[in-house]
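Okay, structure first, notes after.
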Amino acid sequence: MSKDRLVIFDTTLRDGEQSPGASMTKEEKLQVARTLEKLGVDVIEAGFAIASPGDFDAVRSIAELVKDSTVCSLSRAVRADIERAGEAVKVANSGRIHTFIATSPIHMKYKLQMEPDQVVEQAVNAVKMARNLIDDVEFSLEDASRSEFDFMCRITEAVIAAGARTINVPDTVGYGTPEEYGDVIGRMIANIPNSDQAIFSVHCHNDLGLAVANSLSAVHQGARQVECTINGLGERAGNASLEEIVMAIRTRQDLYPVQTGIRTENIVPASKLVSAITGFPVQPNKAIVGANAFSHESGIHQDGVLKHRETYEIMKAEDVGWNTNKLVLGKLSGRAAFSSRLDELGIGFDTKEELNDAFARFKLLADKKREIYDDDLRKLVSEMHNEHPPLDTEGHVFKLVTMDVDSRMGETPVAHMVIKEDGIEHDLKGEGNGPVDAVFKAIEGLANSGCELELYNVNAVTAGTESQAEVKVSLNKGDRKVNGSGADLDILVASAKAYINALNALGREERTNPHIGAV
Ligand code: KIV
Ligand code: ZN
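All residue numbers for the sequence shown refer to the numbering used here, where the first residue is 196 and numbers rise by one.
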């Protein structure tokens with residue numbers, strides 16, 4: 196018997212990017228979009244086109260690039276947003292406008308300061324406006340899990356009549372519980388007279404750790420679209436994680452009457468890419484994509500798995516792509532092998548110069564590190580993108596030229612660095628409590644940024660002591676927060692790169708006095 200299709204709507208690039216510290220450059224977003232398309236997601240929510248010219252450009256570029264998935268932009272239920280979203284996705288093979296307005300009493304009264312009748316009218320107008328621009332329109336009832344049932348039915352019936360094809364019922368604040376939330380979805384579908392003219396969708400946040408359970412419960416009750424993100428990235432505690440939803444449905448086909456179009460062997464590579472780009476590590480015990488998700492430590496378990504794998508494993512590691520961190524390349528590998536492996540990883544470049552730059556970096560790395568893994572390649576490319584500053588900081592870039600650090604037990608570490616600013620080299624020296632502190636002090640001798648270091652995080656890119664170190668830095672200046680990441684075989688060099696990348700993101704005008712303190 197053929198099963199219903201469950202539409203997988205990925206919002207890593209929109210809701211995911213709203214996680215503090217997870218912002219991505221346009222190139223990084225394009226890379227993630229390519230990977231999502233390869234993964235087989237049905238809809239990619241590429242961003243919020245009206246939010247900034249950069250967001251618009253990213254949504255539009257993704258709409259141009261992606262061929263097999265629908266590309267969607269979020270918009271509030273107002274004309275300017277809808278027009279901007281329509282403009283951004285009109286170049287897509289298949290485009291969607293996703294418009295929303297809040298429907299809970301608390302949001303309508305305090306945030307919107309509108310009466311329920313006005314909210315219905317605005318929602319209907321928004322959907323009609325969007326339908327004049329594009330056929331595929333989704334409407335979301337923001338804060339649905341705290342909205343009144345009768346009001347949700349009323350507004351939903353009206354927006355379906357106005358042309359909405361997908362009705363999304365978000366648990367915006369992660370308040371729902373599985374039985375209650377699933378029940379609401381089932382009753383909406385049963386009670387709304389024209390519910391058969393739309394697909395019902397869910398979008399669950401994870402504030403109580405229930406996002407996946409709530410989504411699955413809704414699927415049981417008739418939802419046929421799930422909004423989710425890679426690694427569960429998203430506002431606050433995040434969204435429902437794509438990999439958990441997809442694998443729960445695939446593993447428990449006896450319970451769920453649906454199928455997805457996800458090519459599950461691409462799940463782990465997608466998770467690693469998003470983690471490398473955002474600098475958000477995946478916890479080792481995370482379901483499906485955590486490093487320990489398929490490893491057995493206890494003797495009894497190991498014995499059982501060796502005798503018969505299914506004794507302790509409900510999924511195969513290779514089915515979600517765990518064998519894909521292959522030893523792929525070495526220093527004798529040529530350009531063709533390099534570029535074809537990048538292709539397989541879903542990494543592409545806009546220009547030949549970028550590919551040449553990546554290949555030159557690969558050769559340098561291969562000279563120092565015998566074995567180059569997929570994760571090294573992902574890191575190398577995200578490094579490259581990191582070094583290109585955002586447009587508004589063009590020409591105001593620090594660049595690390597060289598450095599050495601003296602660090603002996605019982606003595607104060609000293610960093611000597613050469614950093615270029617606007618093409619001019621500066622010799623710098625810094626002393627600190629530890630070698631990393633000395634490096635940052637040396638950089639600040641030139642930048643004098645006035646920033647506070649909010650986060651310093653080191654991860655190994657691959658297993659073993661030969662691994663590159665990946666460092667993530669967050670700097671705060673007043674209300675502004677910037678992130679930088681850097682990778683290198685030397686932890687101190689990776690730290691310097693991360694700090695410099697964060698300063699570059701801040702831009703010259705936000706540093707106090709760039710030249711004071713240079714030696
Ligand atoms: O959480 C939420 O309600 C949202 C909507 C805009 C869909 O992200
Ligand atoms: Zn959300």
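Think of the CB as a built atom: it goes at the ideal place given N, C-alpha and C, for glycine as much as any other residue.
| Item | Value |
| --- | --- |
| The alpha helix (DSSP H) that contains T473, what's its start and end? | I462 to T473 |
| Quick check: A272 and F251, are their CB atoms within less than 8 Å of each other? | no |
| Is the Cβ-Cβ distance between R255 and A280 less than 8 Å? | no |
| Three or more C-beta pairs closer than 8 Å, one from the stretch 211-228 and one from the stretch 466-482: is that the case here? | yes |
| Does the ligand ZN have a heavy atom nearer than 7 Å to the CB of D674? | no |
| Just to confirm my understanding: we take D571, look at its own chain, exclude 5 residues before and 5 after, and list those with CB closer than 8 Å. What are they? | L560, K564, V656, T657 and Q663 |
| According to the neighbour-count rule (16 or more other Cβ atoms, all chains shown, within 10 Å of its Cβ), is L701 buried or exposed? | buried |
| Sort V484, V202, S466 and A393 by Cα distance to E352 and report the nearest one. | A393 |
| Using DSSP bridges, identify the partner residues of L524. | I567 |
| Just the Cα atoms here: how many angstroms apart are L231 and G640? | 42 Å |
| Taking H302 as the reference, which of Q317, L540, M442 and D338 has the closest Cα? | D338 |
| Given this structure, state the Cα-to-Cα distance separating I509 from G433, to the nearest angstrom. | 26 Å |
| To the nearest angstrom, how far is the alpha carbon of V609 from that of T660? | 25 Å |
| Report whether the distance from the Cβ of P215 to the nearest heavy atom of the ligand ZN is below 7 Å. | no |
| According to the neighbour-count rule (16 or more other Cβ atoms, all chains shown, within 10 Å of its Cβ), is E333 buried or exposed? | buried |
| Helix, strand or coil for A432 per DSSP? | coil |
| Spell out whether any CB of chain C is found under 8 Å from the CB atom of E460. | Given the protein chain composition of this structure (a single chain), no chain C is represented. |
| Which runs of the beta strand (DSSP E) spanning at least 3 residues fall entirely within the stretch 260-327, listed in chain order? | 265-271 and 290-297 |
| Between E240 and the ligand ZN, is the CB less than 7 Å from at least one heavy atom? | no |
| Rounding to the nearest angstrom, what Cα-Cα distance links E566 and Y370 in this structure? | 47 Å |
| Any heavy atom of the ligand ZN inside 7 Å of the beta-carbon of T607? | no |
| Under a three-way DSSP split, which group does G590 fall into? | Reliability fails at G590, whose pLDDT of 48 lies under 50, so the model's placement of it is uncertain and no value is given. |
| Under 6 Å Cβ to Cβ from R326, same chain only, skipping five residues before and after it: list those, please. | V332 and G358 |
| Quick check: what's the CA-CA separation for V286 versus A258? | 6 Å |
| Measure the beta-carbon distance from S396 to N363 and round it to whole angstroms, keeping in mind my assumption that it falls under 8 Å. | 4 Å |
| My understanding is that I277 touches A321, with C-beta atoms under 8 Å, so please give their C-beta distance in whole angstroms. | 6 Å |
| Have a look at the DSSP bridge pairing and note the partners of Q149. | Outside the displayed range of the chain (196 to 714) lies residue 149, so it cannot be described from this structure. |
| Select from N699, I686 and V653 the residue whose C-alpha is nearest the C-alpha of L670. | N699 |
| For H398, count neighbouring Cβ atoms within 10 angstroms of its own Cβ and tell me buried if that reaches 16, exposed if not. | buried |
| Compute the minimum distance between the beta carbon of L269 and the heavy atoms of the ligand KIV, and state whether it is under 7 Å. | yes |
| Would the beta-carbon of R431 fall within 8 Å of that of H400? | yes |
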